[in-house]
Every structure is written in C-alpha cells, then in structure tokens.
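Working notes, beginning with the structure itself.
Protein chains in written order, with the working numbering: chain A, 1 to 147; chain B, 1001 to 1134.
Right under this line is the structure:
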C-alpha cells in the first residue's frame, strides 16, 4: 500500500467538518445514495491515498493560501486508519438504509457522525486512541493497514 | 423524525465523550503492579523509566513523546522509552492498557509508580514522580 506524506493537520480537520455535515444531511433526509458516496470516499482515502479526498483539494486551493502557514505536520497513518473506521460504519449504514433496515442505517450513521464531529471539533481520533480496544474486541476492524 | 432525534443524540454523545476525554486527559492513576511482559522489562534502566505505549495510528502519541522526552532530559534519574504495541496487543492487555498513549512510570525492579492516560501534563506528572526520584 502506498504511504502518504505527512499533512498539514488543519486539512483533515476541515475534511472532518465536511464529513460531519454530509452525515448530518444523511440522518435528516435518509438519502442513502449520499451515504454510499461517502462510503466510497472513505474507502479511497483509507485503502488508496489521502490525496484522493476532494475536501483535501478544496482545503489546499481555497483555504490554505488564505491562512497563516504552519510547519506542524501530522502523520498520515492515523488519518488513514480513521478513514478505515469511518468506512466500516458508513458501509453498514448504507446497507441498512438500502435494504430497508432504517434503524441500522440511522444508528451506524449516527456513530460515524459522533466520530467525525469529535475529530472536527477537538482533533480527536476516537478510532486511533481506541485502536488497542478495537484490536481486542473487533480484530477485523483493527487489522494494521500500513506500517 | 427519527433522523432528527438520531442527529441530536449524536451531537449530545459527541459532546459528552469530548468532555469526558478532556477531563481524563493526562490524569494520573495508580494501580497495583503486575508481572511485566518481557518487552517492557527490557526497557527499564536505573531510576524511574517512563514507558510510553504507542501505536502507529496514534497522533497524540507524538505529542506525548515530545513532553516526556523533554521532561526526562531535564530530570535526573528519569528516563523515557517508547514501546510500539501496534503488533503487541498481548503486552497492552497484560498491562490493562486500552488506549494510547498510556505512560507507565516504572522503577528499575519493575514496580509501577503510576500511570498516565493521554498526553501527560508536565507539571503534575513531575510533582507525582518527585517522591520516587533521587
């Protein structure tokens, strides 16, 4: 799996805000095709490269030039891991909505929203801190993706 | 309508988790010593060793490392060592560690002085370690 270079930490925060908005729209409208698109986005970022994230491009071209530069960089591995956790919840949510199990769809989307909002507002990556817990109780979720 | 309630519930849950983790961040706790797994025992040096457990996927671990390394550099009898437990889940489980970073302060003979969850707060950690330092 290709390894991404460290990134400006404000990019992923912006991306997390956008993800929060997308997931909130899904919850309010039950529009599962939007959640399916978000699932694909999570998968591309987690399994291929963070560079495929369109919000990252919006950040780089529209926001980054207007704000004070920072030398701070964040490693890509935790970010990709978080996208992988998001992918699992979004996938369950999409399947739930699409097959008429709306309660499952709503619950999975709500959990993904909690994680995205914590990431956006506090820079906290729940999946990353709880990696050991995930590894213990849900080994499939926590399989190391990149070293 | 369910969606609205789910959204409100998610916002409330995120707020509660955020507050809880902020409160617990850097909190110092004490628990009885366990038999240390070999990878941890191998890190111990004379004095007190701050053994920081990290994973590849842990962004705050980097901040914790900066704080602890600096503290160890400036404090006599205090050392810092980082152990990546990404592929050593048994070590983390044996120590009862569920989140990273978690830092254990251990004496040379493996007695646990204290442990800190999250990024440690420099001053309170130093104060708590003081009685165990030369």
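Beta carbons are placed, not taken as given, at the ideal position from N, Cα and C, and that holds for glycine. None of the values given here were measured: they were computed from a predicted structure.
> How many Å lie between residue 10(A) and residue 1124(B) at the Cα?
Replying inline: Here the question's residue 10(A) lines up with position 10 in the first chain. Here the question's residue 1124(B) lines up with position 124 in the second chain. Those two C-alpha atoms are separated by around 29 Å.
> In or out: residue 80(A) buried (at least 16 other Cβ within 10 Å) or exposed?
Replying inline: Locating residue 80(A) in the first chain gives position 80, where the first residue counts as 1. Burial call: buried.
>> Would residue 1056(B) pass as an interface residue toward chain A - the criterion being a Cβ-Cβ separation below 9 Å?
In response: Reading the second chain from its first residue, position 56 is the one you call residue 1056(B). Between residue 1056(B) and chain A, the shortest Cβ-Cβ separation is below 9 Å.
> Got a sec: is the Cβ-Cβ distance from residue 11(A) to anything in chain B below 9 Å?
Replying inline: Start at 1 with the first residue of the first chain, and residue 11(A) comes out as number 11. No, because no Cβ of chain B sits closer than 9 Å to the Cβ of residue 11(A).
> Under the three-state reduction of DSSP, which class applies to residue 1112(B): helix, strand or coil?
Replying inline: Translated into positions along the second chain, residue 1112(B) becomes position 112. In the structure shown, residue 1112(B) sits in a strand (DSSP, three-state: E or B).
>> Can you confirm whether residue 47(A), when its beta carbon is compared against all beta carbons of chain B, has any partner nearer than 9 Å?
In response: The residue labelled residue 47(A) in the question sits at position 47 within the first chain. Answer no: the Cβ-Cβ gap between residue 47(A) and chain B never drops below 9 Å.
> Residues of chain B with CB under 7 Å from residue 81(A), in chain order?
Replying inline: Looking up residue 81(A) in the first chain gives position 81. By Cβ distance, chain B contributes 1057.
> Counting along the chain, where does the beta strand (DSSP E) carrying residue 1104(B) start and finish?
Replying inline: Your numbering for residue 1104(B) matches position 104 in the second chain. Per DSSP, residue 1104(B) belongs to the beta strand (DSSP E) from 1102-1107.
> Any chance the segment 87-105 of chain A sits against the segment 1073-1082 of chain B, with 3 or more Cβ pairs inside 8 Å?
Replying inline: no
>> I want to verify the contact list: residues of chain A whose CB lies under 8 Å from the CB of residue 1031(B), in sequence order.
In response: As a first step, residue 1031(B) must be located in the second chain, where it is residue number 31. Those within 8 Å of residue 1031(B) in chain A number zero; the least Cβ separation is about 17 Å.
> Going by alpha carbons, who is nearest to residue 47(A) out of 31(A), 134(A) and 88(A)?
Replying inline: For this step, residue 47(A) is matched to residue 47 along the first chain. Checked all of 31(A), 134(A) and 88(A); the closest Cα to residue 47(A) is 88(A).
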